[in-house]
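Here the working numbering is used: the first residue of the sequence shown is 1205, the next is one more, and so on. A virtual CB, placed ideally from N, CA and C, is assigned to each residue, including glycine. Since the structure is predicted, the reported quantities are computational estimates derived from the model, not experimental observations. Here's the structure, in structure tokens; my notes come after.
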Amino acid sequence: MEGFFSGLVILIYMVSHYAAESIFVFACLFPIGFLLSVAILLHFGAQGRLIASYRKAKKTLRNGVVAGADRAVFRDVCLKGAPTSVRLAYSAFAEGEISRFDFAEKAKAPIKDRRVFCFGVYYGLSVASSVLVFLSFYFISPLGEAFLRFAIVIFFLSINGAILFFVTFGYAGSSERAAVKLAELLDGKILRKRPDADEYPPLRYTGGASVEEDMIDERFEGESAEKGVERLRRLLREIDVPNV
């Protein structure tokens, strides 16, 4: 172990005489290069392609609806660049096999939050480069200059680290909102056969205390209060019972 550290010190001493300035420049430019690389990957990755697909679909469906064979054309034009899982979910959605809630969940499936991994790599390499800069100038310059170079590198790392946080957080939130909004947009603009789960079963009165109580017992068991009240109101209008 002692021999390893001794050899490492000698190696850093030799490198510092030939490449100290190059190491310093690399340490200052590394945060900027890493930030640009992450931004490009996010833009052309699943998150960016989902956001772009939503914007294109919103622009296309602004003044009309899609029905019949146009559903496939819409998929090939507006969702061409979307992740594969989104296109498959759209095909099932257009055929009425899944609801918009299921579509939103499937659209968000390929969106993986890798911020922890991203920040781990960034700060791990940043700390290593900062220490290397300090040691390089420690052997060839006064201690004050070594600390100054170290402080300059830390400054660049901190500024770009904050920008990296907002970039990754913004893409993660925007992509999830895009999945939900795309599902809502398609639900209102794509004419399709509704899933069987969205259709109302025939009304039956089984001798309960009232028609309203019977409908709640038989048809809304297990549903949320808000959804049950909304469906009950619609059913009351259908059978011409005064709405309460």
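Legend entry - Cβ neighbours of S1330 in the same chain (closer than 6 Å, five flanking residues each side left out): L1361
Legend entry - CB-CB length for L1283 against S1303, believed under 8 Å: About 18 Å separates the two Cβ atoms, so there is no contact after all.
Legend entry - Status (buried if at least 16 other CB within 10 Å, exposed otherwise) for A1308: buried
Legend entry - Rounded straight-line distance, which links the Cα of F1338 to that of A1250: 39 Å
Legend entry - Same chain, Cβ closer than 7 Å to L1368, neighbours up to 5 away in sequence not counted: L1239, V1242 and Y1326
Legend entry - Every unbroken alpha helix (DSSP H) inside the stretch 1269 to 1304 [4 residues or more]: 1274 to 1282 and 1288 to 1298
Inset, instruction - Hey, could you find the ends of the alpha helix (DSSP H) R1396 is sitting in? - result: No alpha helix (DSSP H) holds R1396; DSSP gives it neither H nor E.
Inset, instruction - Return yes when the C-beta of V1384 is under 8 Å from any heavy atom of the ligand GDP, and no when it is not. - result: No copy of the ligand GDP occurs in the structure displayed, which carries no ligand at all.
Legend entry - CB contact flag (A1261, K1312, <9 Å): no
Legend entry - Classification of N1267 by the beta-carbon crowding that lies within 10 angstroms, buried from 16 upward: exposed
Inset, instruction - Evaluate L1292 with the Cβ neighbour count: other Cβ atoms within 10 Å of its Cβ, from every protein chain shown; 16 or more gives buried, anything less gives exposed. - result: exposed
Inset, instruction - Determine, using beta carbons only, whether R1275 and R1381 come nearer to each other than 9 Å. - result: no
Inset, instruction - Classify L1265 as helix, strand or coil using the three-state DSSP reduction. - result: coil
Inset, instruction - Along the alpha helix (DSSP H) that carries S1330, what are the first and last residues, could you check? - result: R1319 to I1344
Inset, instruction - Run the CB neighbour count on L1254, radius 10 Å, all protein chains shown included, and call it buried at 16 or more, exposed below. - result: buried
Legend entry - Neighbour-count burial assignment, A1271, 16 or more Cβ in a 10 Å radius: exposed
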